[in-house]
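Everything on this sheet refers to the single structure shown next.
There are 2 protein chains.
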Amino acid sequence: MDCRPISQMLGRIGDKWTIMTITMLLDGPKRFNELRRIIGGISQQMLTRTLRALENDGLVSRKVYPTIPPQVEYSLTTLGRSLAEPLTQLTVWVLENIAEVERNRSKASNRSVD
Amino acid sequence: MDCRPISQMLGRIGDKWTIMTITMLLDGPKRFNELRRIIGGISQQMLTRTLRALENDGLVSRKVYPTIPPQVEYSLTTLGRSLAEPLTQLTVWVLENIAEVERNRSKASNRSVD
DNA sequence: CAGAATCCCGTCTGATACTG
DNA sequence: CAGTATCAGACGGGATTCTG
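Taken in sequence, the protein lines are chains A and B.
Position 22, counted from 1, in the first sequence is what full-length UniProt numbering calls 22; the numbers after and before it change by one each time, with no gaps.
Position 97, counted from 1, in the second sequence is what full-length UniProt numbering calls 97; the numbers after and before it change by one each time, with no gaps.
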């Protein structure tokens, strides 16, 4: 089978900002700067792009309240919530194994790894 | 909590070539060009880089047989196999939902999409 | 066969400044 | 507040050539 479309898709949803954004939206709708704050380390531009891409793919919905100052709320669609499951598992794996990976990484500068 | 190290790690293992490589190694050890062929669309350099990174992180082990012509075999370590689980779930999600995502994407073709 | 080295381009990403 | 516009550096990733 041809893996190109799949790997392209993986490259898109596997993107770290996408994963973080979806994960953060799991416990409810969030506003732009709120998201930016809790994700941490993401630039305003990257958050905008990530949200646009997610919205375009139908994973996140964007709701604008025509108030002053403007208020925009982002939330997961049903499809987005279904993606959150496997992404959460991936995050769990990272949390459980990041220490060992980093140990391996520093070891590899001294001797060849098994 | 600080999400930076986590998102960095996610960006590394979420990389499409990494996901494809680990997935392909799931059903047994593979040689370099064999991997390259079944992954499809990956350049020699990217496969080399991906395998080096995986080896360095202790997710893949590299075994060299000093024959002529040289033969190198890559296989998953225990840690690598544990990562394969969540990655497989992600791949399954892609397979199940790629059609809907692409439908959403074309529907939203209001302005420049990639 | 399994790479290493090199060149090169497009994309990602952050920083900064500006707007409705 | 929630963006858009622009610049610039880092990085991803392909193509090609060369070696043990």
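Glycine included, each C-beta is placed from N, C-alpha and C at the ideal position.
Range of the contiguous alpha helix (DSSP H) that encloses S7/B: Taken as a continuous stretch (DSSP letters only), the alpha helix (DSSP H) holding S7/B covers R4 to I13.
If you count every other CB in all the chains shown that lies within 10 Å of the CB of S43/A, and 16 or more means buried, which is it? S43/A should be labelled exposed.
Quick one: residues in its chain with C-beta nearer than 7 Å to the C-beta of R31/B, no 5 flanking neighbours on either side, listed in chain order? Short of 7 Å from the beta carbon of R31/B, and not among the five residues preceding or following it, lie these beta carbons of its own chain, in chain order: Q71, V72 and E73.
Mind checking who L76/B pairs with in its DSSP beta bridge? Answer is V60/B, bridged to L76/B.
Residues of its chain near L54/A, where Cβ-Cβ distance is below 6 Å and the 5 sequence neighbours each way are ignored: V60.
Is S75/B close to chain A, meaning its C-beta is less than 8 Å from at least one C-beta of that chain? Against chain A, the CB of S75/B has no partner CB under 8 Å away; the residue lies outside that interface.
Chain A partners of V94/B, CB-CB under 8 Å? I6, M9, L10 and I13, listed in chain order.
Is G28/B buried or exposed, if buried means 16 or more other CB atoms sit within 10 Å of its CB? In summary, G28/B is exposed, with fewer than 16 beta-carbon neighbours lying within 10 Å of its beta-carbon over all protein chains present.
Between which residues of its own chain and T23/B is the CB-CB distance below 8 Å, once the five residues before and five after are set aside? Excluding sequence neighbours, T23/B sits near A84, L87, T88 and T91.
Taking Cβ-Cβ distances shorter than 8 Å, what residues in chain A pair up with N97/B? Going along chain A in sequence order, the residues near N97/B (Cβ under 8 Å) are L79, S82 and L83.
Going by the beta-carbon positions, is the gap between T50/A and T77/A smaller than 8 Å? Contact: no.
Going by DSSP, which residues form a beta bridge with Q45/B? DSSP lists no beta-bridge partner residue for Q45/B.
By the criterion of Cβ-Cβ separation under 7 Å, what are the contact partners of R49/B in chain A? Close partners of R49/B in chain A (Cβ separation under 7 Å) are lacking, with about 15 Å as the shortest Cβ gap.
Since R31/B sits in a beta bridge, which residues does DSSP pair it with? DSSP links R31/B through a beta bridge to E73/B.
Got a sec: is the Cβ-Cβ distance from D27/A to anything in chain B below 8 Å? No, D27/A does not count as interfacial toward chain B.
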